[in-house]
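Start counting at 1 in the sequence shown, then tack on 28, and there's your number in the working numbering. Every residue, glycine too, gets a C-beta built ideally from N, C-alpha and C.
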Amino acid sequence: MVPLPESLTYEDVMKAFREEKRSNTITEIRKDFYTTARQLVEQLKRDHERESALDPYSAKARGLGQQINRLTEKTMQIFDFRAEKVTLMAIRAASGGKLDESRLTPEEKALLESVLQRTKASREAIFSSGERGREVIPAPTVAPMPVPPVPKTVVQERPPPVQPEGAEAKVAPGVEEVSPQQPGHDGHGGEQRKLVPEPPSTSQPVSERPTEAKGATVLLRILEDIPSFAGPDSIYKLHKEDVITLPASIGRALIKRGKAEEIAPGPS
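Structure follows, in structure tokens:
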């Protein structure tokens, strides 16, 4: 007869939380941690319902409610700590680093595989423009053109002034270009946004302005859901925890606005 797994306790979850928060690497936890944590919360909910039926204002009922909330919160924070470390593991593995899955739970292994595949695809797309096997044409040897600093952007709330027929519409520097009447990325309507860079400040010497090679890209981790917007050659719709390679001008704008962070691949 196979012995039943040992039940998880409230103290076990709190200990796992403290250790995972302090460690820079994945810590050792039981492989059924998330399953047993869910079972523990479900049992506490049943106890809370029973006590609340007798006296919803009793100290025991209130204590059980607080314990349920704290267990749920700490379990999710443990997963978030570990998910961030799993993502970094996947990025290093995509660039040839060693991969050790011995401390991962089944849920974390599934996350690792997903991030690893998407990271590899993004790396391959840097030189293939999304077409596998496309011939790489060497760029001419020219000095890189200076790129102005990425400005802060705001949403233009008022409609643009009416332009004479045949005249080219102009958008003020540093303002997001919004096309409310065009269909969104999903084809069901919505705004498309395009970042319009602000011209470089004349007060800053040219030699001190940041430069970036034409066609430069950055590898980002998205920190929050971002509505669809138009880039130089594509329409983007980004979600929290996406790992994606974007043109440098767009990537720097998202980083500056706190919506993404740059990922530097680890050593091979």
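Residue i burial status per 10 Å Cβ neighbour count (16 or more: buried)
i, result
"Y38", "exposed"
"G279", "buried"
"K43", "exposed"
"E141", "exposed"
"A281", "buried"
"K73", "exposed"
"S123", "exposed"
Cβ distance (whole Å) where residue i is taken to contact residue j below 8 Å
i, j, result
"L248", "L274", "6 Å"
"S86", "E77", "In fact, because the Cβ distance is near 13 Å, the residues do not count as touching under 8 Å."
Sub-8 Å separation of residue i and residue j beta-carbons
i, j, result
"I263", "K287", "no"
"P64", "L92", "The sequence as given places Thr at residue 64; Pro does not occur at that position. In this structure, L92 does not lie closer than 8 Å to T64 by Cβ."
"T245", "I119", "no"
"Q95", "F45", "no"
"L99", "L139", "no"
"I283", "S150", "no"
"T147", "Y62", "no"
Residue i in three-state terms, based on DSSP
i, result
"K5", "The requested residue 5 is not part of the displayed model; the chain covers only 29 to 296."
"P260", "coil"
"T37", "coil"
"L68", "helix"
"R146", "helix"
"I291", "coil"
"G158", "Note on G158: pLDDT 47, under 50, position unreliable in the model; no value is reported."
"L248", "strand"
"Q119", "Position check: residue 119 holds Ile in this sequence, whereas Gln was assumed. DSSP places I119 in helix when its eight states are reduced to three."
"L139", "helix"
"R265", "Residue identity check: residue 265 is Lys in the sequence provided, not Arg. It is a strand residue."
Cβ neighbours of residue i in the same chain (closer than 8 Å, five flanking residues each side left out)
i, result
"E47", "T55"
"D83", "A89"
"D75", "L92"
Contacts around residue i, its chain only, beta-carbon distance under 7 Å, and the 5 residues preceding and following it disregarded
i, result
"A121", "L127, L144"
"E136", "R110, V114"
"K102", "V41, M42, F45"
"G49", "Here residue 49 turns out to be Lys, not Gly, going by the sequence shown. Cβ neighbours of K49 beyond the five flanking positions: F109."
"L268", "First, the residue type needs correcting, since residue 268 is Lys and not Leu in the sequence shown. Closer than 7 Å at Cβ, skipping near neighbours: I250, L251, E252, D253."
Close beta carbons around residue i, own chain, < 6 Å, minus the five adjacent residues each side
i, result
"K113", "I54"
"P259", "Just to set this straight, residue 259 is Gly in the shown sequence, not Pro. Contacts found: I278."
"I57", "A44"
Check: residue i C-beta below 7 Å from any heavy atom of the ligand ATP
i, result
"Q67", "As far as ligands go, the structure on display features none, and thus does not contain the ligand ATP."
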